[in-house]
Amino acid sequence: MITLGIETSCDDTAVGIIRTAADKDEILASETFTQTEQHACYGGVVPEIASRAHLEKIDITIAQALASANLSIADIDLFAAGAGPGLIGGVIVGLNMAKSLALSTGKPFVAVNHLEAHALMPAMFSNTLKFPYLLLLASGGHTQILWVEKAGAYKLLGATLDDAAGECFDKVAKVMGYNYMGGKYVEEEALQGDPSAFAFPRPLLHSGDFNMSFSGLKTSVLNTIAKEGLARKADIAASFQAAVCDVIDAKMRACIDAGYKGDIVASGGVLCNKTLRAALERVASDTGVGFFAPPLKYCVDNGVMIAYAGQERFKLFGATPLDIKPRPRWPLSEI
Ligand code: KG4
Ligand code: ZN
């Protein structure tokens, strides 16, 4: 079975094509048009600009994915699209495109929850990863810890009560003078800095549950920059990054201590951060579980994750009726 997946929930128009195989599924194409430049001067994603850009690029992204897989539209057996959560204008574009392709080719269609796609995709890259696993999902919009029992069965253990970890990286980057989605620049700064130079708060560290909070940490960092200026930018970045990692580290250990002991799996754009990856690897080795994260390219939003989750859902639950609506909010608990 060959599945084409479309992702348009934020600022990337992405299309992935995969082939299902008994032993290992194969990625045939992964194409992304990123809108970073269109949004950069506004300091964040502008939903109306995003929807228009998706509309402009969706056809060409699909055509490029088909060309790089050396396939035609008639070769596709299943069409999948992210149906939410996300920016509604973008989701409408990808969802309607996948429905239209399914309708016009007479092939089945599957609607995919964006978070489920992040949650399931690591399994595509590992033959040894077994359910249940403990998933950290850390992106610009989400920071959640989930117990993934099997495809389609997720238990939300904890989540941020305010800002997502990636959002904080982006805000800190912005006041340091970097373009939006600047998490990677904060990491670069942090490489030159001392993580113990500033004692930033670690909110909810001992709260006894698995929830997180990052907005107090963010405010503390922004206040420090307002007071001190940017002369010690690298130390501030390193100390901020250390605080984020400590919070996530503590919450993952708390989950394992509470009996959610399975391999640690991590995904979402913030997992590009090497210090966070190293912290999670340490938690895994200290607690005797495995650690797995998809290759960096597939930690961020991509079309392959939608194709993979679509294929898994299709195997389990069959096609989605074409009257399914796009959902700006769609918690995994409502799947
Ligand atoms: O998953 P993603 O590509 O998009 C969604 O939010 O869905 O995640 C993007 C987020 C942004 O907040 C970005 O600044 C952050 O991931 N990020 C990083 C790094 N690379 C990307 N944060 C910290 N360190 C990085 N190296
Ligand atoms: Zn995402």
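Numbering (this note's numbering), first residue to last: 2 to 336.
Each residue gets a CB set at the ideal place from its N, CA and C atoms; glycine is no exception.
- Does the distance from the C-beta atom of I257 to that of N114 stay below 8 angstroms? One-based indexing of the sequence shown puts residue 257 at position 256. One-based indexing of the sequence shown puts residue 114 at position 113. No, Cβ-Cβ distance for I257 and N114 is not below 8 angstroms.
- Query: Are K252 and G159 closer than 8 angstroms when you measure CB to CB?
  - Reply: Your numbering for residue 252 matches position 251 in the sequence shown. Your numbering for residue 159 matches position 158 in the sequence shown. Their beta carbons are under 8 angstroms apart, which means K252 touches G159 by this criterion.
- From F211 to Y155, what distance separates their C-alpha atoms? Along the sequence shown, one-based indexing puts residue 211 at 210. Along the sequence shown, one-based indexing puts residue 155 at 154. So the two alpha carbons sit approximately 15 angstroms from each other.
- Using the C-alpha atoms, what's the distance from K25 back to N128? Translated into the one-based positions of the sequence shown, residue 128 becomes position 127. Translated into the one-based positions of the sequence shown, residue 25 becomes position 24. Rounded to whole angstroms, N128 to K25 spans 8 angstroms at the Cα level.
- Buried or exposed (CB count within 10 angstroms, at least 16 for buried), G230: Your numbering for residue 230 matches position 229 in the sequence shown. Label assigned to G230: exposed.
- Task: Taking F199 and D236 to be in contact with their CB atoms under 8 angstroms, please state how far apart those CB atoms are, rounded to whole angstroms.
- Result: On the sequence shown, position 198 is the one that residue 199 refers to. On the sequence shown, position 235 is the one that residue 236 refers to. Sure, about 6 angstroms apart at Cβ, within 8 angstroms.
- Nearest CA to the CA of D365: which residue from V222, I77 and A23? Here the chain has residues from 2 to 336 only, and residue 365 is not among them.
- Query: Candidates A22, G291, V111 and R203: which alpha carbon is nearest G319's?
  - Reply: What you label residue 319 is simply residue 318 of the sequence shown in a count that begins at 1. Closest option to G319, Cα to Cα, is V111.
- Environment of D287 [buried if 16+ CB atoms lie within 10 Å]: Counted from its first residue, the sequence shown places residue 287 at position 286. Exposed.
- Can you give the Cα-Cα distance for A227 and S214, rounded to whole angstroms? Here residue 227 corresponds to residue number 226 of the sequence shown, with the count starting at 1. Here residue 214 corresponds to residue number 213 of the sequence shown, with the count starting at 1. Whole-angstrom Cα-Cα distance: 22 angstroms.
- Hey, K246 and C273: beta-carbon distance below 8 angstroms or not? Walking along the sequence shown from the start, residue 246 turns up at place 245. Walking along the sequence shown from the start, residue 273 turns up at place 272. Correcting the residue type first, residue 246 is Cys in the shown sequence and not Lys. Taking 8 angstroms as the Cβ cut-off, C246 and C273 do not qualify as a contacting pair.
- Counting by C-beta, which residues lie closer than 5 angstroms to a heavy atom of ligand 2, in chain order? S140 and D302
- Query: In terms of residue numbering, what span does the beta strand (DSSP E) encompassing D13 cover?
  - Reply: In the sequence shown, counting from the first residue as 1, residue 13 sits at position 12. Note, D13: beta strand (DSSP E), D13 to R20.
- Residue range of the beta strand (DSSP E) that includes T35: As a working note, residue 35 is residue 34 in the sequence shown. First-last of the beta strand (DSSP E) with T35: E27 to T35.
- Task: Apply the 10 Å Cβ neighbour rule to Y134 and answer buried if 16 or more other Cβ atoms are within range, or exposed otherwise.
- Result: Numbered from its first residue, the sequence shown carries residue 134 at position 133. It counts as buried.
- Message: Closer than 8 angstroms is the cut-off here; do at least three beta carbon pairs connect the stretch 264–281 with the stretch 135–150?
- Response: yes
- Query: So is the beta-carbon of E188 under 7 angstroms away from any non-hydrogen atom of ligand 1?
  - Reply: If you number the sequence shown from 1, residue 188 lands on position 187. Checking the Cβ of E188 against ligand 1 gives yes.
- Return the residue from the list F241, F315, G141 and L218 that minimises the CA-CA distance to E188. Start at 1 with the first residue of the sequence shown, and residue 188 comes out as number 187. Among F241, F315, G141 and L218, the Cα nearest to that of E188 belongs to F241.
- Answer yes if the stretch 24–42 comes into contact with the stretch 320–328, meaning at least three C-beta pairs across the two stretches below 8 angstroms, and no otherwise. no
- Cβ distance (whole Å) where G304 is taken to contact V16 below 8 angstroms: Indexing the sequence shown from 1 puts residue 304 at position 303. Indexing the sequence shown from 1 puts residue 16 at position 15. That pair is a contact at about 4 angstroms.
- Query: According to the Cβ coordinates, are S73 and L67 closer than 8 angstroms?
  - Reply: Sequence index remark: in the sequence shown, residue 73 carries index 72 (1-based). Sequence index remark: in the sequence shown, residue 67 carries index 66 (1-based). Going by C-beta atoms, S73 is nearer than 8 angstroms to L67.
- Does DSSP put Q145 in a helix, in a strand, or in coil? To locate residue 145, count along the sequence shown from 1; it is residue 144. Strand at Q145.
- Item | In chain order, each alpha helix (DSSP H) run of at least 4 residues that lies wholly inside the stretch 295–335 | 297–300 and 304–318
- Measuring CA to CA, which of A54, A124, D163 and D164 is closest to K151? Stepping through the sequence shown from its first residue, residue 151 is reached at position 150. Per the Cα distances, A124.
- May I ask you to check if the CB of K219 is nearer than 7 angstroms to at least one heavy atom of ligand 1? On the sequence shown, position 218 is the one that residue 219 refers to. No - ligand 1 has no heavy atom lying nearer than 7 angstroms to the Cβ of K219.
- Query: Is any heavy atom in ligand 1 found nearer than 7 angstroms to the beta carbon of C11?
  - Reply: Translated into the one-based positions of the sequence shown, residue 11 becomes position 10. Because some heavy atom of ligand 1 lies under 7 angstroms away, the Cβ of C11 counts as near it: yes.
- Spatial neighbours of K175 in its chain, beta-carbon cut-off 8 angstroms, leaving aside the 5 residues before and after: In the sequence shown, counting from the first residue as 1, residue 175 sits at position 174. Counting only Cβ-Cβ distances below 8 angstroms, and skipping sequence neighbours, we find G44, Y181 and G183.
- Message: Cutting at 6 angstroms between CB atoms, please list the residues of its own chain near H55, excluding the five before and the five after it.
- Response: Taking the first residue of the sequence shown as position 1, residue 55 is located at position 54. So the qualifying residues of the chain are T9, T14, G91 and V94.
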